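Here the protein sequences come in this chain order: A and B.
Reminder that position 130 of the first sequence reads as 130 in my numbering, one-by-one numbering, no gaps.
Just so we're on the same page, my numbering is the position in the second sequence counted from 1, plus 216.
Below is one structure, written out as structure tokens; the observations come after it.
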Amino acid sequence: MTTFANALASAAVVVTVAAVVVLWRRRLRSILVALSIQGVALAALATLLGAHEHDGGLLAVALLVLLVKALLIPGLLARVIAATPGARETDPLVNVPASLVIAGLLTLVAFVAARPIVALVGGPTGRLVPLGLATVLIGFFVMVARRRALSQIAGLLLVDNGIALVAFLVTSGVPVIVELGSSLDVLFGVVVLRLLLARLTAAGVRDLDQLRSLHD
Amino acid sequence: MIALALLVVLGGLATLAGLAPRPYRVQLVASLLVLVEILAAALSVHVLASDHALLGHESGLLPFSGVRVDLSPLGALFTLSTAVVALAATIHWLGYRRHAMSSASASSAFALFVTTLLLVPAAGDIVTFLVLWEVMALTSLVLVAHDHAQRDEARQAAWWYGAMTQGGAALITLGLVVLGAHAKNPGFSAIAASAHHLPGAARGAIFLALVAGFAAKAGLVPAHVWLPRAHAEAPAPASALLSGAMVNLGIYGIVLTRTLLGVGPAWWWLVAGFFGVISALYGSLYAATSTDLKRLLAYSTSDNMGLVVIGLSASGLFSAAHHPIASSLALVATLFLLTAHALYKSTLFLGAGSVQYATHERNLDQLGGLARTMPVTTVTVVIGGLAVAALPPLNGFSAEWLLVQSLVHGLTGADPVTTVATAIFVAALALTGGLTIVAFVKAIGVGFFGRARSEPAQHAREVPVSMRLAPAITAGACVIFGVAPGLALRAVERASAVVTANRSGLGASISGFHLGALRGAVDPLALALGAVVATVLVAGLRRGLGLKGGAKVRRFEPWGSGRIVTSARMQYTATSFAEPLQRVFDDVLAPQHDLDVSHAIESRYYVERVAYASANDDVVERRLYRPVLALATWWGMRARGIANGSVHRYLAYGFVVLVIAVVVVS
Numbered sequence: 001m002t003t004f005a006n007a008l009a010s011a012a013v014v015v016t017v018a019a020v021v022v023l024w025r026r027r028l029r030s031i032l033v034a035l036s037i038q039g040v041a042l043a044a045l046a047t048l049l050g051a052h053e054h055d056g057g058l059l060a061v062a063l064l065v066l067l068v069k070a071l072l073i074p075g076l077l078a079r080v081i082a083a084t085p086g087a088r089e090t091d092p093l094v095n096v097p098a099s100l101v102i103a104g105l106l107t108l109v110a111f112v113a114a115r116p117i118v119a120l121v122g123g124p125t126g127r128l129v130p131l132g133l134a135t136v137l138i139g140f141f142v143m144v145a146r147r148r149a150l151s152q153i154a155g156l157l158l159v160d161n162g163i164a165l166v167a168f169l170v171t172s173g174v175p176v177i178v179e180l181g182s183s184l185d186v187l188f189g190v191v192v193l194r195l196l197l198a199r200l201t202a203a204g205v206r207d208l209d210q211l212r213s214l215h216d
Numbered sequence: 217m218i219a220l221a222l223l224v225v226l227g228g229l230a231t232l233a234g235l236a237p238r239p240y241r242v243q244l245v246a247s248l249l250v251l252v253e254i255l256a257a258a259l260s261v262h263v264l265a266s267d268h269a270l271l272g273h274e275s276g277l278l279p280f281s282g283v284r285v286d287l288s289p290l291g292a293l294f295t296l297s298t299a300v301v302a303l304a305a306t307i308h309w310l311g312y313r314r315h316a317m318s319s320a321s322a323s324s325a326f327a328l329f330v331t332t333l334l335l336v337p338a339a340g341d342i343v344t345f346l347v348l349w350e351v352m353a354l355t356s357l358v359l360v361a362h363d364h365a366q367r368d369e370a371r372q373a374a375w376w377y378g379a380m381t382q383g384g385a386a387l388i389t390l391g392l393v394v395l396g397a398h399a400k401n402p403g404f405s406a407i408a409a410s411a412h413h414l415p416g417a418a419r420g421a422i423f424l425a426l427v428a429g430f431a432a433k434a435g436l437v438p439a440h441v442w443l444p445r446a447h448a449e450a451p452a453p454a455s456a457l458l459s460g461a462m463v464n465l466g467i468y469g470i471v472l473t474r475t476l477l478g479v480g481p482a483w484w485w486l487v488a489g490f491f492g493v494i495s496a497l498y499g500s501l502y503a504a505t506s507t508d509l510k511r512l513l514a515y516s517t518s519d520n521m522g523l524v525v526i527g528l529s530a531s532g533l534f535s536a537a538h539h540p541i542a543s544s545l546a547l548v549a550t551l552f553l554l555t556a557h558a559l560y561k562s563t564l565f566l567g568a569g570s571v572q573y574a575t576h577e578r579n580l581d582q583l584g585g586l587a588r589t590m591p592v593t594t595v596t597v598v599i600g601g602l603a604v605a606a607l608p609p610l611n612g613f614s615a616e617w618l619l620v621q622s623l624v625h626g627l628t629g630a631d632p633v634t635t636v637a638t639a640i641f642v643a644a645l646a647l648t649g650g651l652t653i654v655a656f657v658k659a660i661g662v663g664f665f666g667r668a669r670s671e672p673a674q675h676a677r678e679v680p681v682s683m684r685l686a687p688a689i690t691a692g693a694c695v696i697f698g699v700a701p702g703l704a705l706r707a708v709e710r711a712s713a714v715v716t717a718n719r720s721g722l723g724a725s726i727s728g729f730h731l732g733a734l735r736g737a738v739d740p741l742a743l744a745l746g747a748v749v750a751t752v753l754v755a756g757l758r759r760g761l762g763l764k765g766g767a768k769v770r771r772f773e774p775w776g777s778g779r780i781v782t783s784a785r786m787q788y789t790a791t792s793f794a795e796p797l798q799r800v801f802d803d804v805l806a807p808q809h810d811l812d813v814s815h816a817i818e819s820r821y822y823v824e825r826v827a828y829a830s831a832n833d834d835v836v837e838r839r840l841y842r843p844v845l846a847l848a849t850w851w852g853m854r855a856r857g858i859a860n861g862s863v864h865r866y867l868a869y870g871f872v873v874l875v876i877a878v879v880v881v882s
């Protein structure tokens, strides 16, 4: 294993572990920190790939990822929970130990399911694809299992980061224009959700299941 | 081509003119539409006269394939009959607008509807055809839903019509796309050239899909359920177009299917003929028992389309049995019947619209006595009614005579299956003819003669001149083409030669026609004149021989039950007139009776009140559609159980599906 492969693997593992941390920690602030770290790890991964392929565009992508995913989005969300610094994910639908077991199972599923892609891509990047898929699945599970609206947004971002990880690994880096498009999409989505979240908080809705009363 | 482009531009202008301010809106749209209709008529007469198709290809207009124009004599015949019907409907609209259909949306939809109706037969490729077809369906839907704000029935009609027409369009699209996939380009001529490369089973499936889709538009049983609702609820000019023009295009679609796929095996046409027979019998039976004037006319449309499909199927069967002359004769008869139907049925619908305008009533049991107050309308409706009942010297007679002749001549020397099928066709034609006469004797006798049965009918006033003129145009055409069928037959024969590629050998003088190679001739004018002369002679002889019997001659109102009617309630009603028939066909119609007798509290021997209700709703709808709809509703209610409003549960569904998909894919 070369240094490059080791560094690449470390960054990818950090991304997945950050997803597990989101599932594990109940304090909303910790969740945001985990998201931020995940963004940094993704940016690092893109930098590594860019340096290895001598691709200036990929370095620009890395910068973009760092700005949007590590700083801007967590920053935006942090301002929402600034009012309630100690806010916690109380009473999740699936408790934390069970969630962690399920995350483990999902990772296994991801490794099994990604075999064809691993075989197709090959090399040090291909081996890491299952981690991206696992991040996607865990992100989705966060959305299902957590009640707070902020956790739901975090789940969505995990899904997006997982997809970005897979994209980086499979295509050896995406063109700037593609990454720009998807990042701005996510940013836009987060801005809308943040507004919605502010409204929900103002209306006294803490738990998304309270919205069930809107059902006809 | 320039004329066609001009037609499209004028049609577009008319559609835009629907947005003009109210005082001038209808006049403006109608005058533009009259131009469109005259232009379309001239163009199709030109095509029919020159016997050459109008071809063109404009590649930039629509994506993928551009716009192909292919107005053959066959299409021109449809465009011509549509143009005449649309002209009458547009003129009628000028008066009818005071009653309804003067809004901007209705005006625009009407203009666009007329334009697309005229253009559909000129479409020369799949994409053009489907685009025009859909625009036609959607604009007619707007017209059917015209009264949606006031009447729940109109909303229901729009739902039924929308569902049926979209279902039909889906089948048509499927069939045409599969058919066109193997052709060099989506033009109809290229498809027709390449269709024989398809395997037989595939062609059969395509045939069934296309015919089912087009049959939904033509209102064949069991896809007819939208027809009585939509035709009854649409404003009169729109229902005249629905029944006199749009339904025809469903038949055009079936003829088109034959030109695209070839004649094919006999079983195709046995299937089509089966549904034709069912439609003819079912439609005429319900027409005979309906009491709503417009529903009656709508069921009669279903019946006539059944006859037309019988003719098409006979033509196909004869062609499959290598009997080309009988085949083309049957097709000529069918197309002649189709144009005749367009004329007389639009006369009747416009007349019914005038009645509705004058009395705000469609129920025959509330009408009566209109012959005195609305003489012109009555005359036109009587002409239409005689034509639909196939009496000489009107065009309905010539058409049905030809059809019967072609069927009878097809019987000789055919294989057993064709012989049996043809015999059934003839029997169906005969029974249908009888039932149709009952239906229209009832409609005209109860609706227009006798005494008024309600206040509005008593105070009805004759409608404005445009509304008298419009049905008079189509009724006049019924008379002209009835007295002198030879005028139309040559055009019809050119149209049918597009499909059968050989002539029927039909000879026509101005006043009559003979069957050429097959023996048979008729002269409807002479027939009618003979009947008149015979009547006059008999009456004169009686008078001359003093056979009056010496009794004093007393005159009463026709349909006044032969006595001085003191109360309108003593007369026949539409319900009572049809009652014996309803009894005969009790098993088929399965009418629902509800008798509710309540007794006085003191004694059971005193009846306080008797409530009787009978409903004669559509049995196909009750037995076939209602259970399916009930099942769909039940399924939908079950589905509500899994959607309880929890965001997490919805997300969980997505998550589970994702995980399953990931596992399955690996």
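A virtual CB, placed ideally from N, CA and C, is assigned to each residue, including glycine.
Predicted, not measured: the structure shown is a model, and the values here were computed from it.
Who are the neighbours of Val881 of chain B on chain A, taking C-beta pairs under 9 Å?
-> Ala113 and Pro116
Would you mind stating whether Glu89 of chain A and Arg148 of chain A have Cβ atoms separated by less than 8 Å?
-> Judged by their CB atoms, Glu89 of chain A and Arg148 of chain A are nearer to each other than the 8 Å cut-off.
In DSSP terms, what Gly272 of chain B is bridged to | B:Val285
Boundaries (first-last residue) of the alpha helix (DSSP H) holding Ala717 of chain B = First-last for Ala717 of chain B: undefined, no H or E at that position.
Beta bridge counterpart(s) of Arg825 of chain B as assigned by DSSP | B:Ser814
What are the residues of the region 843-868 of chain B that lie near chain A, defined by any Cβ-Cβ distance shorter than 7 Å?
-> Asn860, Gly861, Ser862, Val863, His864, Leu867 and Ala868
Is Leu150 of chain A near Ile81 of chain A, with beta carbons less than 8 Å apart?
-> yes
Below 7 Å CB to CB, which residues in the same chain sit around Trp110 of chain A once its five sequence neighbours on both sides are set aside?
-> The residue you asked about is not Trp; residue 110 of chain A is Ala in the sequence shown. Excluding positions up to five away in sequence, the list reads Pro130, Leu133, Ala134 and Leu137.
Does the ligand ATP have a heavy atom nearer than 7 Å to the CB of Pro807 of chain B?
-> Absent from the structure shown: the ligand ATP. Ligands present: none.
Is any beta-carbon of chain A found at less than 8 Å from that of Phe552 of chain B?
-> no
Which partner residues does Ala339 of chain B have in the DSSP bridge list?
-> B:Val285
Could you work out which residues of chain B lie near Leu93 of chain A, taking near to mean beta carbons separated by less than 8 Å?
-> His864
Less than 8 Å separating the beta-carbons of Val285 of chain B and Ala338 of chain B?
-> yes
Where the alpha helix (DSSP H) containing Gln382 of chain B begins and where it ends | Gln382 of chain B -> alpha helix (DSSP H) spans Asp368 to Gly396.
Beta-carbon neighbours of Asp209 of chain A, restricted to chain B and to distances below 8 Å = Ser862, Val863 and His864
Of all the options A:Thr2, A:Pro124 and A:Ala12, which has the alpha carbon lying nearest to the alpha carbon of Ala164 of chain A?
-> A:Ala12
So what does Ser543 of chain B bridge to, in DSSP terms?
-> Answer is none; Ser543 of chain B lacks a bridge partner.
Counterpart residues of Ser830 of chain B in DSSP-defined beta bridges | Under DSSP, the beta-bridge partners assigned to Ser830 of chain B are B:His809.
Are the CB atoms of Lys658 of chain B and Ala855 of chain B nearer to each other than 8 Å?
-> no
Could you tell me whether any Cβ in chain B is nearer than 8 Å to the Cβ of Val17 of chain A?
-> no
Which residues share a DSSP beta bridge with Gly403 of chain B?
-> B:Asp341
What does Leu214 of chain A reach in chain B if we use C-beta pairs closer than 8 Å?
-> Gly861
Check whether the Cβ of Phe697 of chain B lies closer than 8 Å to any Cβ atom in chain A.
-> By this cut-off, Phe697 of chain B is not an interface position.
Pair within 8 Å by beta-carbon distance, Thr389 of chain B and Thr355 of chain B | Thr389 of chain B places its beta carbon 8 Å or farther from that of Thr355 of chain B.
Contact residues within the region 121-146 of chain A, judged by C-beta distance below 9 Å to chain B | Under the 9 Å Cβ criterion, the region 121-146 of chain A contributes Leu133, Val136, Leu137, Phe140, Phe141, Met143, Val144, Ala145 and Arg146.
Given a cut-off of 8 Å, decide if Val242 of chain B and Trp309 of chain B are closer than it, judged by their beta-carbon atoms.
-> yes
Roughly how far, in whole angstroms, is the beta-carbon of Gly702 of chain B from the beta-carbon of Pro740 of chain B, given that I think they are within contact range, below 8 Å?
-> At roughly 10 Å, the Cβ-Cβ gap does not stay under 8 Å, so Gly702 of chain B and Pro740 of chain B are not in contact.
Residue nearest to Val360 of chain B in terms of C-alpha spacing, selected from B:Ala450, B:Gly384 and B:Gly435 | Selected option, being the one with the closest Cα: B:Ala450.
Using 8 Å as the threshold, is the region 661-674 of chain B in touch with the region 571-585 of chain B, meaning 3 or more CB pairs across them?
-> yes
Enclosing alpha helix (DSSP H) for Gly584 of chain B [first to last residue] | That residue, Gly584 of chain B, is in no alpha helix (DSSP H); it is neither H nor E in DSSP.
Using the C-alpha atoms, what's the distance from Ser321 of chain B back to Val642 of chain B?
-> When rounded, the distance between both Cα atoms is 45 Å.
What residues match up with Asp363 of chain B in a beta bridge as DSSP calls it?
-> Bridge partners of Asp363 of chain B: none, in fact.
Answer with buried or exposed for Arg208 of chain B, where buried requires no fewer than 16 other C-beta atoms within 10 angstroms of its C-beta.
-> Lying outside 217 to 882, the shown extent of chain B, residue 208 of chain B is not represented and no answer is given.
If you measure from the beta carbon of Val873 of chain B to each beta carbon in chain A, is any gap under 8 Å?
-> With 8 Å as the cut-off, Val873 of chain B does not count as an interface residue toward chain A.
Simplified DSSP state of Arg88 of chain A, which is helix, strand or coil | Strand.
Taking the alpha carbon of Asn190 of chain B as the point to measure from, which residue in B:Gly601, B:Leu414 and B:Ala504 has its own alpha carbon closest?
-> As displayed, chain B neither begins before 217 nor continues past 882, which places residue 190 of chain B out of reach and without an answer.
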